[in-house]
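Here the structure comes first, spelled out in structure tokens, and everything after it is commentary.
Numbering (our numbering), first residue to last: 4 to 301.
Printed below as a string of structure tokens:
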């Protein structure tokens, strides 16, 4: 990555666990900011090696044999659709353990990597790319996948260490980059009950069957989830780009699945934002909620 192209302007870094996460969380926001001239970098921590084929049309032996290669190609296609830049951190997908008791995670996987070792390349990227805003998952990982939780941990570590000359002193010296402190850190909060319920009600009001009925019946309200949303970014005009990017991850997404059953016009009318929690801010942002991740910066 050339540091020269990062001088001046607004920069957003989105840290994700696997290829396809960037297209299901915050993709419309990124597409909007790209069109506004913001330099957006997606950091993908693992290659998704432990993933499965979730598209029934591609659930074939030849696809399984080439899954790692295909997921990299899918990521490149999604990157082009969104208009972002993208970097692999190179860690091994930990997989989602199943069973009772849960089996141990594989040796050498992302979630078992010491925090300092896993955060070091991300600290380097923050110092090189110099983002004012960083976006990641909350402490639950969005959902409790070990890689999502690890993604949260190393992003917190890097956010707090990247601007500190006393920490990771060797990181970036080889390319002449100095410590850099991002100003704001956000957690994705798009898939929350208020939004799901709004889309559910809008589908039923239109005479259509809601794909969220089952999820809402099983939904468990937690006090820890209330009051998290501080920021709602209007990005309904970019939902089509978001969906195209997600569909580019063809092995991971069923085009006939529930994700795509709510027409875009209903989504734009019922919930035209992607939502976030402002977790850290080193600047004054004024009255919340806000509608811009760069509020207080520009």
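Think of the CB as a built atom: it goes at the ideal place given N, C-alpha and C, for glycine as much as any other residue.
The segment 201–211 and the segment 284–291 do not touch, with fewer than 3 CB-CB distances between them shorter than 8 Å. Counting along the chain, residue 272 sits inside the alpha helix (DSSP H) bounded by residues 267–273.
Short of 8 Å from the beta carbon of residue 114, and not among the five residues preceding or following it, lie these beta carbons of its own chain, in chain order: 97, 108, 149, 150, 152, 153.
Boundaries of the beta strand (DSSP E) harbouring residue 17: 14–19, taken from the DSSP string. About 15 Å separates the Cβ atoms of residue 18 and residue 116, ruling out a contact at the 8 Å cut-off.
In the structure shown, the three-state DSSP call for residue 139 is strand.
146 is the residue among 223, 226, 146 whose C-alpha sits nearest the C-alpha of residue 190.
A Cβ-Cβ contact shorter than 7 Å links residue 255 with residue 23. Counting other Cβ atoms within 10 Å of its Cβ, residue 178 stays below 16 and is therefore classed as exposed.
Residue 14 sits close to residue 135, with the two beta carbons spaced by under 7 Å.
Here the alpha carbons of residue 99 and residue 284 stand approximately 32 Å from one another.
Counting C-beta pairs closer than 8 Å gives fewer than three between the segment 33–43 and the segment 154–172, which falls short of the contact rule.
When DSSP reads this structure, residue 191 sits in a beta bridge with 279. Counting only residues of its own chain and dropping the five nearest sequence neighbours on each side, residue 71 has a CB closer than 7 Å to the CB of 50, 52.
Around residue 62, the same chain offers 56 as residues with beta carbons nearer than 8 Å, after the five sequence neighbours per side are excluded.
Per DSSP, residue 85 is one residue of the alpha helix (DSSP H) stretching across 70–85. Looking at the DSSP output, residue 284 bridges to 187. Using a 10 angstroms sphere on the CB of residue 259, the tally of other CB atoms stays under 16, which defines it as exposed. With fewer than 16 other Cβ atoms inside 10 Å of its own Cβ, residue 223 counts as exposed.
Inclusion of residue 87 and residue 43 in the CB contact set at 7 Å is warranted, their separation being smaller than that value. In this structure, DSSP gives residue 132 a helical state, which the three-state scheme calls helix. In this structure the segment 223–232 does not lie against the segment 267–274, because fewer than three pairs of beta carbons, one per stretch, are closer than 8 Å. Secondary structure of residue 293 (DSSP, three-state): strand. In this structure, the beta-carbon distance from residue 235 to residue 278 falls below 7 Å.
The three-state reading of DSSP puts residue 176 in helix, counting H, G and I together. A straight-line Cα-Cα distance of about 21 Å links residue 102 and residue 95. CA-to-CA, the gap between residue 32 and residue 243 works out to about 12 Å. Taking the Cβ atoms as the reference, residue 125 lies roughly 4 Å from residue 161, within the contact range of under 8 Å.
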